[in-house]
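A.B. asks:
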Amino acid sequence: MASYMLRRLIGSVIVMWAVATLVFFMLRFVPGDPIAAMLADAGGPDEIEAMKRSLGLDRSLFVQYGIWIQNMLQGDLGNSIYGSRVAVTSVLSEAIPRTLSLSLIAFVVALVIALPAGILSATRRNSATDTTVSLLAFLGLSMPDFWLAILLIIVFAANLQWLPAIGYVPLAEGFWPWFSHLILPSIAIGTAFSAIIARMIRSSLLEVLKADYMRTARAKGLTPWMVMFGHALPNAMIPVITVIGIAFALLISGAVVVENVFAIKGLGRVLIEGILNRDYPVVQGAVLVVSAIFVFSNLIVDLLYGVIDPRIRLN
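If you count by our numbering, then the sequence shown holds residues 1243 to 1557, one letter each, in order.
(1) Relative to the alpha-carbon of V1499, which residue among G1463, G1253, P1386 and K1452 has its alpha-carbon at the smallest distance?
(2) Helix, strand or coil, according to DSSP, for A1329 in the structure here?
(3) Can you tell me the Cα-Cα spacing of S1363 and V1482, whole angstroms?
(4) Just to confirm, is the Cβ distance from L1413 to I1347 under 7 Å?
(5) Here's the rule I'm using: 16 or more other beta-carbon atoms within 10 Å means buried, otherwise exposed. How should W1310 be labelled?
(6) Pop quiz: D1544 and S1322 are said to be a contact at Cβ under 8 Å. What is the actual Cβ separation, rounded to whole angstroms?
(7) What's the gap between the Cα of A1437 and the Cα of L1513?
(8) Using 7 Å as the threshold, is the C-beta distance between V1503 and F1380 below it?
(9) In three-state terms, what does DSSP make of N1519?
(10) Measuring CB atoms only, is the segment 1389-1398 touching the segment 1467-1474, in the sense that at least three cross pairs come out at less than 8 Å?
(11) Taking Cβ positions, are V1525 and I1517 nearer each other than 7 Å?
(12) Are there 16 or more other CB atoms within 10 angstroms of the CB of R1340, so buried, or fewer, so exposed?
(13) Which stretch, first to last residue, makes up the alpha helix (DSSP H) that contains P1427?
(14) Since A1196 is in the alpha helix (DSSP H), which residue starts that stretch and which ends it?
(15) Roughly how many angstroms separate the alpha carbons of Q1312 and Y1410, rounded to a whole number?
(16) Are the beta-carbon atoms belonging to E1501 and G1508 less than 7 Å from one another?
(17) Given this structure, state the Cα-to-Cα distance separating I1542 from F1490, to the nearest angstrom.
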């Protein structure tokens, strides 16, 4: 298991390096000059060249790439080249807790909805409950998260005034202020993913419930509760965990639109603003963090396989 984890970690580092390298060079080939756009009419050719020299953008691409990799290995992601030129690590350290808080709560919302819905749908196949769950799942998949976000703001923030409509409050300022600002955006993001997970749980459970060992478990006199949660659900969770791991990683990208609706400056907004401003260091740092989250999520999923199914761990 230790050697497997080591191989996966090495592979994860290679993937992150490949993504960072690809983004670095792709940004340089995007049409437009970030310095000219930043100075606009306030600077002439001499000022633009002076600014490029001060930022090191007058050097060759490979020299810039080498400097960036060297600084990145030392934990320095550079400074923003737009606005106040703050450190990229400061920008990301402010944005990451917001996106992770939103994604984690949305993930919990998705699981709380999906697990009972998927189990009920599988155990009551072709019943009214199954039809209702399937219909709600299709509705959840068809609703755009930004549309649901706006609807939640109108109902619970504007009309009922139960929850705040926009903004983010750090956890250090209190649990309820932090949590209350994340309830509506988390529901908006988690609803669509709960539909995906519920459908996957239903399909996987239906396959397991038809297996021979399930009939044996019932013949031994086990209670329906023990049959479901002791035998059926653990064996059905392997493909479900794959989907859950991918869903959590996709929650990060799905949060981009919802963060803009609720005016939460997380990774999504930082990345979009960096792209629009052609702020190379910010975009490179944000993509590096997002790729790390994707890689880490896949690594956790692989490790959970062995926890749920001992046969995988033994192999």
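Heads up, the beta-carbon is just placed ideally off N, CA and C, and yes, glycines get one too.
Model, not experiment: these values are computed from the prediction.
C.D. replies: To lay it out plainly:
(1) Check the Cα spacing between V1499 and each of G1463, G1253, P1386 and K1452: the tightest is with P1386.
(2) Strand at A1329.
(3) Note on geometry: alpha-carbon atoms of S1363 and V1482 lie some 15 Å from one another.
(4) Cβ distance not < 7 Å, so L1413 and I1347 don't count as in contact.
(5) With 16 or more neighbouring CB atoms inside 10 Å of its own CB, W1310 falls in the buried class.
(6) The pair is not a contact, with the Cβ atoms about 35 Å apart (cut-off 8 Å).
(7) Approximately 27 Å between the Cα atoms of the pair.
(8) With respect to F1380, V1503 sits apart: the two C-beta atoms are not nearer than 7 Å.
(9) When secondary structure is reduced to three states using DSSP, N1519 falls in the coil class, being assigned neither helix nor strand.
(10) Three or more beta-carbon pairs separated by less than 8 Å are not found between the segment 1389-1398 and the segment 1467-1474, which leaves the two stretches without contact.
(11) Yes, Cβ-Cβ distance for V1525 and I1517 is below 7 Å.
(12) Buried.
(13) In the DSSP assignment, P1427 falls within the alpha helix (DSSP H) that extends over F1417 to L1451.
(14) Lying before the first or after the last residue shown, residue 1196 is absent from the chain, which here runs from 1243 to 1557.
(15) Distance between the alpha carbons of Q1312 and Y1410: 34 Å.
(16) Yes; because the gap between Cβ atoms is below 7 Å, this pair is in contact.
(17) Roughly 11 Å between the two C-alpha positions.
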